[in-house]
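Protein chains: 2
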Amino acid sequence: AVVRCSEAAAKSAGAVPVQTGVYSTAGMKVEEFFRDSIGSWRSMRSSHNLAMSFMEEVNSEIEIENVELDDEAVLAICKQYETDPATAATAIKMSWEGTSDWDEDEVLEGSTLLVLVKDEEAKGRLLRSEGYAETVPAVGEWTMEADGTFVLITPYERASAEERIWFTTPNMRVRVSFIRTQTGEGVLTASMSTEIREL
Amino acid sequence: AVVRCSEAAAKSAGAVPVQTGVYSTAGMKVEEFFRDSIGSWRSMRSSHNLAMSFMEEVNSEIEIENVELDDEAVLAICKQYETDPATAATAIKMSWEGTSDWDEDEVLEGSTLLVLVKDEEAKGRLLRSEGYAETVPAVGEWTMEADGTFVLITPYERASAEERIWFTTPNMRVRVSFIRTQTGEGVLTASMSTEIREL
C-alpha cells in the first residue's frame, strides 16, 4: 500500500504539511514478500460472520520460518501435487498459537508448510501441507498485484477463500480475508488481521 | 474485488468445480460507486489500536442519501473550499448511529455531507462538511483503482487517514482504513467495516 499523503491536500486543508509517503510496496516481488514475512509476529484478528452478524477477536503469535527448497518436506509436497520441484521458488513454515474472545481458555494452534510455485513472474500456485479441516489439501492461486499486495484464492469443497496481504510498514502486515460461497456470490465471513513484527 | 475461483484450481485440489466469479467491480466508475452506495447499511466495524494492542467492535446503522448538486449545502461547501460547483460530480449525505463494545450505553452518531469533485476521470478531491473533531474541515484526495476500489487519503494536523472501500457483492461493502502518523511511517489504527445493505 502506498502512503499518499500529499502536501497539496494538506495545505488545502490548512493542516501542517505532511511529508509524502516514505514507504511504498509498489512493484514488490513475491520473493521479497515472502522474505520480509519471515520472523515472529504478534497478530490481532477480527472476523465478521455476515450471515449471523457477529464478530470475533483472536490474539495470536505467528512464527514464519524459511524452509530450504531441498528440504524433504518440500520435495514431498511437490510430489503429492505432481509438481516439478524446480518450479518451487520459495517455501516457508507458518506456526501459530492464539486465543479467541469466545473462549480464552482454549488454545488455537497449528502449523503448515507452504511452497510457492511460480508459473509466471507475478502469478502461480501455492501448495500446502495437509490442513486440519480438509481431507484434501487445497491448492491456492496467487498473484502479486502492482501495488505489492499478495492475493491468494483457495477453493474448498463448498466455499472459497480470498486473502489479500500487504505490508503497511516494513514491520507490519495487514491481511484481509473473505470466505465466499461456492459460486462466489455470497460472502460468509470477512476478517482483518494486523500483524506486528516482534523485534 | 474480483472473484477468481478458477475451475483449474478447484480440480487440482480434487474439490467440486467452482463457478468462476459472477461479480466483478473491475473498471467501476466513481459515479457508479457512489450511486451503488446509496441506501441503508448495517455495519460491523473492528478497529485495531496497534500501539496499545487492543481491538474495538462497533455496530452501526448507516444511511447514505443522494444530494442534488444544486442543493444549498453543496454550493456552500464548494464556496468554503473555493471550488467551482461545476466540478462537483456527485454529492451524498452520510448519517450513522451505533454502539461500541467498550460502552454499549453510549450512542455514537453523526452525519456529514460529502461532495465529490473530479479533477480527472478516476481522481479528484472529496470535500466534507465540518466534522466533530477537527476545527478545519479536511479535504480528501480520492482515486478509483482499476479493480473498482475507492481510495481516499485525508490529511489531518498530526495524522492522515487512508480508506479503501469496495463492493464484495452488490449488497456488501468492505471498508479498510488506516490512521497513519504524520510522516506516514507508522500506523496507529487499522479498521475493517463490513456493511450489508438493508433490503
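Top line first, the protein sequences correspond to chains F and W. By the working numbering, the letter at position 80 of the first sequence is numbered 75, and the numbering carries on one by one without gaps. By the working numbering, the letter at position 185 of the second sequence is numbered 180, and the numbering carries on one by one without gaps. Every residue, glycine too, gets a C-beta built ideally from N, C-alpha and C.
- Whose CA, out of F/87, F/125 and F/94, lies closest to the CA of residue 109 of chain F? Indexing the first sequence from 1 puts residue 109 of chain F at position 114. Taking only the C-alpha atoms, the option nearest residue 109 of chain F is F/87.
- Message: Quick check on residue 23 of chain F - is its C-beta less than 8 Å from some C-beta in chain W?
- Response: Counting from one through the first sequence, the residue named residue 23 of chain F turns up at place 28. Chain W contact via Cβ: absent.
- Through-space distance from residue 142 of chain W to residue 140 of chain F, alpha-carbon basis: Translated into the one-based positions of the first sequence, residue 140 of chain F becomes position 145. Translated into the one-based positions of the second sequence, residue 142 of chain W becomes position 147. Computed Cα separation, rounded: 11 Å.
- Query: Quick one: does residue 185 of chain F have its CB under 8 Å from some CB of chain W?
  - Reply: Position 190 of the first sequence, counted from the first residue, corresponds to residue 185 of chain F. Chain W, which has a Cβ nearer than 8 Å to the Cβ of residue 185 of chain F, makes this yes.
- Since residue 41 of chain W contacts residue 187 of chain F with CB under 8 Å, what's their CB separation in whole angstroms? By 1-based counting over the second sequence, the position of residue 41 of chain W is 46. By 1-based counting over the first sequence, the position of residue 187 of chain F is 192. About 6 Å; that satisfies the 8 Å criterion.
- Query: Quick one: is residue 95 of chain F near chain W, going by C-beta distance under 8 Å?
  - Reply: If you number the first sequence from 1, residue 95 of chain F lands on position 100. No, no contact with chain W.
- Count the other CB atoms within 10 Å of the CB of residue 161 of chain F; is the residue buried (16 or more) or exposed (fewer)? Counting from 1 along the first sequence, the entry for residue 161 of chain F is found at position 166. Classification of residue 161 of chain F: buried, given that the 10 Å Cβ count is 16 or more.
- Output, in chain order, the set of chain W residues within a Cβ distance shorter than 8 Å of residue 62 of chain F. The residue given as residue 62 of chain F occupies position 67 in the first sequence. Within chain W, no residue comes near residue 62 of chain F; the closest Cβ sits about 21 Å away, beyond 8 Å.
- Query: Who are the neighbours of residue 45 of chain F on chain W, taking C-beta pairs under 9 Å?
  - Reply: As a working note, residue 45 of chain F is residue 50 in the first sequence. Those within 9 Å of residue 45 of chain F in chain W are 39, 167, 189 and 191.
- Message: Looking only at its chain, what residues have a beta carbon closer than 6 Å to the beta carbon of residue 183 of chain W, apart from the 5 residues adjacent to it on each side?
- Response: Locating residue 183 of chain W in the second sequence gives position 188, counting from the first residue. 174, listed in sequence order.
- Task: Could you check how far apart the C-beta atoms of residue 76 of chain F and residue 134 of chain F are, in whole angstroms? I think they sit under 8 Å.
- Result: Here residue 76 of chain F refers to the residue found at position 81 of the first sequence. Here residue 134 of chain F refers to the residue found at position 139 of the first sequence. Indeed, because the Cβ distance is near 7 Å, the residues count as touching under 8 Å.
- Taking C-beta pairs closer than 7 Å, name the residues in chain W that residue 52 of chain F reaches, listed in chain order. Translated into positions along the first sequence, residue 52 of chain F becomes position 57. The answer, in chain order, is 50.
- Item | Same chain only: Cβ atoms within 6 Å of residue 14 of chain W, ignoring 5 sequence neighbours per side | Position 19 of the second sequence, counted from the start, is the residue given in the question as residue 14 of chain W. Caution is warranted here: a pLDDT of 36 is assigned to residue 14 of chain W, below 50, making its placement in the model unreliable, and the coordinate value is therefore given only provisionally. Excluding residues within five positions, none has a Cβ falling inside 6 Å.
- Message: List, from N- to C-terminal side, the beta strand (DSSP E) runs of 3 residues or more that fit wholly inside the stretch 80 to 121 of chain W.
- Response: 83 to 95 and 98 to 115
- Around the C-beta of residue 28 of chain W, are 16 or more other C-beta atoms found within 10 angstroms, so that it is buried, or is it exposed? Position 33 of the second sequence, counted from the start, is the residue given in the question as residue 28 of chain W. Burial call: buried.
- What three-state label does DSSP hand residue 71 of chain W in the structure shown? Position 76 of the second sequence, counting from 1, holds the residue named residue 71 of chain W. Three-state result, residue 71 of chain W: helix.
- Task: Ignore the nearest five residues each way along the sequence and tell me which others in residue 156 of chain W's own chain have a CB closer than 6 Å to its CB.
- Result: By 1-based counting over the second sequence, the position of residue 156 of chain W is 161. Excluding residues within five positions, the ones whose Cβ falls inside 6 Å are 149 and 174.
- Establish whether the CB of residue 69 of chain F and some CB of chain W are separated by less than 8 Å. Stepping through the first sequence from its first residue, residue 69 of chain F is reached at position 74. Cβ-Cβ to chain W under 8 Å: no for residue 69 of chain F.
- Looking at the structure shown, is residue 30 of chain W part of a helix, part of a strand, or coil, going by DSSP? Looking up residue 30 of chain W in the second sequence gives position 35. It is helical.
- Please report the residue range of the beta strand (DSSP E) in which residue 138 of chain W lies. Taking the first residue of the second sequence as 1, we reach residue 138 of chain W at position 143. It spans 135 to 139 - the beta strand (DSSP E) in which residue 138 of chain W sits, taken as one unbroken run.
- Message: Taking 8 Å as the threshold (C-beta atoms), are residue 111 of chain F and residue 25 of chain F in contact?
- Response: What you label residue 25 of chain F is simply residue 30 of the first sequence in a count that begins at 1. What you label residue 111 of chain F is simply residue 116 of the first sequence in a count that begins at 1. Contact: yes.
- Message: Please report the straight-line C-alpha distance between residue 65 of chain W and residue 20 of chain W, rounded to a whole angstrom.
- Response: Numbered from its first residue, the second sequence carries residue 65 of chain W at position 70. Numbered from its first residue, the second sequence carries residue 20 of chain W at position 25. Whole-angstrom Cα-Cα distance: 29 Å.
- Message: Using beta carbons (cut-off 8 Å, strictly below), is residue 110 of chain W in contact with chain F?
- Response: Mapped onto the second sequence, residue 110 of chain W falls at position 115. Taking Cβ atoms only, chain F never reaches closer than 8 Å to residue 110 of chain W, which makes this a no.
- Query: By DSSP, does residue 25 of chain F sit in helix, in strand, or in coil?
  - Reply: On the first sequence, position 30 is the one that residue 25 of chain F refers to. It is helical.
- Around the Cβ of residue 191 of chain W, are there at least 16 other Cβ atoms within 10 angstroms (buried) or fewer (exposed)? Residue numbering aside, residue 191 of chain W sits at position 196 when the second sequence is read from its first letter. Buried, since its Cβ has 16 or more Cβ neighbours within 10 Å.
- Message: Beta-carbon within less than 6 Å of residue 82 of chain W's beta-carbon, same chain only, minus the 5 sequence neighbours each way: which residues are those?
- Response: Here residue 82 of chain W is taken as the residue at index 87 of the second sequence, counted from 1. Hits under 6 Å: 112.
- Closer than 8 Å, CB to CB, is residue 145 of chain W near chain F or not? On the second sequence, residue 145 of chain W is found 150 positions in, with the first residue counted as 1. Closer than 8 Å: no.
- Message: Along the chain, where does the beta strand (DSSP E) containing residue 165 of chain W start, and where does it finish?
- Response: Along the second sequence, one-based indexing puts residue 165 of chain W at 170. No beta strand (DSSP E) contains residue 165 of chain W, which DSSP labels as neither H nor E.
- Query: For residue 132 of chain W, which beta-bridge partners are listed by DSSP?
  - Reply: One-based indexing of the second sequence puts residue 132 of chain W at position 137. Residue 132 of chain W is not bridged to any residue.
- residue 50 of chain W, DSSP secondary structure in three states: On the second sequence, residue 50 of chain W is found 55 positions in, with the first residue counted as 1. Correct three-state label for residue 50 of chain W: strand.
- Nearest-angstrom Cα separation, counted from residue 121 of chain F out to residue 158 of chain W: Mapped onto the second sequence, residue 158 of chain W falls at position 163. Mapped onto the first sequence, residue 121 of chain F falls at position 126. Near 29 Å, if we compare the C-alpha coordinates of residue 121 of chain F and residue 158 of chain W.
- Query: What in chain F is Cβ-close to residue 29 of chain W, meaning under 9 Å?
  - Reply: One-based indexing of the second sequence puts residue 29 of chain W at position 34. The premise fails here: residue 29 of chain W is roughly 20 Å from chain F at the closest Cβ pair, so nothing lies under 9 Å.
- Task: Starting from the C-beta of residue 165 of chain W, find all residues in its chain whose C-beta is less than 6 Å away, skip the five residues before and the five after it, and write them out in chain order.
- Result: For the purposes of this step, residue 165 of chain W is taken as the residue at position 170 of the second sequence. Result list for residue 165 of chain W: empty, nothing under 6 Å.
- Proximity winner among F/56, F/48 and F/103, relative to residue 39 of chain F (alpha-carbon distances): For the purposes of this step, residue 39 of chain F is taken as the residue at position 44 of the first sequence. Of the listed residues, the one whose Cα sits closest to residue 39 of chain F is F/56.
- On the DSSP bridge assignment, give the partners of residue 146 of chain W in chain order. Within the second sequence, numbered from 1, the residue matching residue 146 of chain W stands at position 151. According to DSSP, residue 146 of chain W bridges with W/138 and W/159.
- Task: Identify, in the order they occur along the chain, each residue of the same chain with its Cβ nearer than 7 Å to the Cβ of residue 153 of chain W, setting aside the five sequence neighbours on each side.
- Result: Residue numbering aside, residue 153 of chain W sits at position 158 when the second sequence is read from its first letter. Only 177 meet the Cβ criterion.
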